[in-house]
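**Q** Quick one: this structure, given as structure tokens, is what I'll be asking you about.
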Amino acid sequence: MADQAAKSMNRFGLVVNPHSQRNKRGLPALREAVQSYGDLIDYVELDGIEALGRTLRRFADAGLPLVAIAGGDGTVVASMTEYLVRQPDLPRPAIAILSAGMTNMTAADIGLKGKADKALARLVKRFQRGEALWRSETLRRSPIVVSGGGMGPPQAGFFLGGAGIYQGIEYCRDRVHTLGLEAGWANAATMASLLVQQMIGGRLLKGQNVDWRWDGGEKQSDSLSVVVATTLDRLVVGTRPFWNQPRDPSQRSGFSVTLVQKPGAAFWWSLPRLLFGKADRKLNPKGCHSGEARVLELWMDSPFTIDGQLFDCHATEPLKVELGHSFEFVRI
Numbered sequence: 000m001a002d003q004a005a006k007s008m009n010r011f012g013l014v015v016n017p018h019s020q021r022n023k024r025g026l027p028a029l030r031e032a033v034q035s036y037g038d039l040i041d042y043v044e045l046d047g048i049e050a051l052g053r054t055l056r057r058f059a060d061a062g063l064p065l066v067a068i069a070g071g072d073g074t075v076v077a078s079m080t081e082y083l084v085r086q087p088d089l090p091r092p093a094i095a096i097l098s099a100g101m102t103n104m105t106a107a108d109i110g111l112k113g114k115a116d117k118a119l120a121r122l123v124k125r126f127q128r129g130e131a132l133w134r135s136e137t138l139r140r141s142p143i144v145v146s147g148g149g150m151g152p153p154q155a156g157f158f159l160g161g162a163g164i165y166q167g168i169e170y171c172r173d174r175v176h177t178l179g180l181e182a183g184w185a186n187a188a189t190m191a192s193l194l195v196q197q198m199i200g201g202r203l204l205k206g207q208n209v210d211w212r213w214d215g216g217e218k219q220s221d222s223l224s225v226v227v228a229t230t231l232d233r234l235v236v237g238t239r240p241f242w243n244q245p246r247d248p249s250q251r252s253g254f255s256v257t258l259v260q261k262p263g264a265a266f267w268w269s270l271p272r273l274l275f276g277k278a279d280r281k282l283n284p285k286g287c288h289s290g291e292a293r294v295l296e297l298w299m300d301s302p303f304t305i306d307g308q309l310f311d312c313h314a315t316e317p318l319k320v321e322l323g324h325s326f327e328f329v330r331i
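Terminal number for the sequence shown in numbering that gives the first Met the number 0: 331, no gaps in between.
Okay, structure coming up:
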């Protein structure tokens, strides 16, 4: 038994979504890299996302201390949902996210940078030098868990966006991804295009009627153009559209929330500070609410996104956003 446990600690799991955008191009290089590492990696290519739960269970039963995920934000959402919602009895290993999808916002903030095969090589090098070393390169972060609102089964992820955020994702998929740009350039192009359109004609951020309540406080009603809830520190192209909270994510007791009414002139003048300032900056722009929350309730009849995955929502019951259990994420 001791030999079996020691063997498990000297291996890690790698689950790959071969249908993720970058994996479609980079899978041969990733497969070749995995083969060169022999028995170090328990490698699984998913034949469908429904196989993910069985794979994570197998890794847990084998006692593997680290699980690497090669996929986009959607694959990460599915993995977090398995650990926190569908199979909450699973031990939570350290997680390494390899950027391999159409959108990789989560990997850019808490994952491994670069192409999947190159990132895997760095991970293997540290892993072979011992647990103390690779665990020294981790950060602890909690996903959010979203439930209710008529969305179906609860989901766990790192970013919820509603109103104009949802509209922006639809715009990106319809207009920008068809250009074949890499994820970072596609995100930048989408943001620039939407901001210019909004400043010229105000056609996109029209606002959605939303009732909301923050940490059990008074229920409020607003026409909101932006709804954001996240435990990430930086979003697309390095933006940080939340404030009035500790600068260091490890010092925060909840997740970041920003709610924005239809932007006026003062909003546009403040936009650089709103998007790129420090998280602990103290701002109170008119029509904006931003800070930390442990529970956010939203009553709205408009779709929303969790890490790029789209969901419908109905105001007959509140959509509840809560802080989930934390994981260690490897940053090498």
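The C-beta atom is built at its ideal place from N, Cα and C for all residues, glycine as well.
1) If we call anything under 8 Å between Cβ atoms a contact, is L258 one with L223?
2) Mind checking R140: buried by the 16 CB within 10 Å criterion, or exposed?
3) Just to confirm my understanding: we take R10, look at its own chain, exclude 5 residues before and 5 after, and list those with CB closer than 8 Å. What are they?
4) Just confirm the distance between the C-beta atoms of G110 and L122, as a whole number of angstroms; I'd bet it's less than 8 Å.
5) Decide if L45 is buried, meaning its Cβ has at least 16 other Cβ atoms within 10 Å, or exposed.
6) Any idea what DSSP makes of E316, helix, strand or coil?
7) If you follow the alpha helix (DSSP H) that E49 is part of, which residue opens it and which one closes it?
8) What three-state label does DSSP hand S301 in the structure shown?
9) Check the C-beta distance from E390 over to R330 and give it rounded, since I have them as a contact under 8 Å.
10) Which residue marks the beginning of the alpha helix (DSSP H) containing V76, and which one marks its end?
11) What are the boundary residues of the beta strand (DSSP E) that includes Q343?
12) Bridge partners for S269 per DSSP, in chain order?
13) Quick one: what does DSSP say R139 is sitting in, helix, strand or coil?
14) Quick check on N16: does DSSP put it in helix, strand or coil?
15) On a CA-only basis, which of E130, E49 and S220 is nearest H288? Give me that one, please.
16) Less than 8 Å separating the beta-carbons of I143 and F254?
**A** So, to answer that:
1) yes
2) buried
3) D38, L39, I40, D41, A61 and L63
4) Actually they are not in contact, since the Cβ atoms of G110 and L122 sit about 11 Å apart, beyond 8 Å.
5) buried
6) coil
7) Element bounds for E49: n/a, residue is neither H nor E.
8) coil
9) Nothing can be reported for residue 390: it is not among the residues displayed for the chain, which extend from 0 to 331.
10) D72 to T80
11) Only positions 0 to 331 of the chain appear in the structure, and residue 343 is not among them; the question remains open.
12) Beta-bridge pairing links S269 to no other residue.
13) strand
14) coil
15) S220
16) yes
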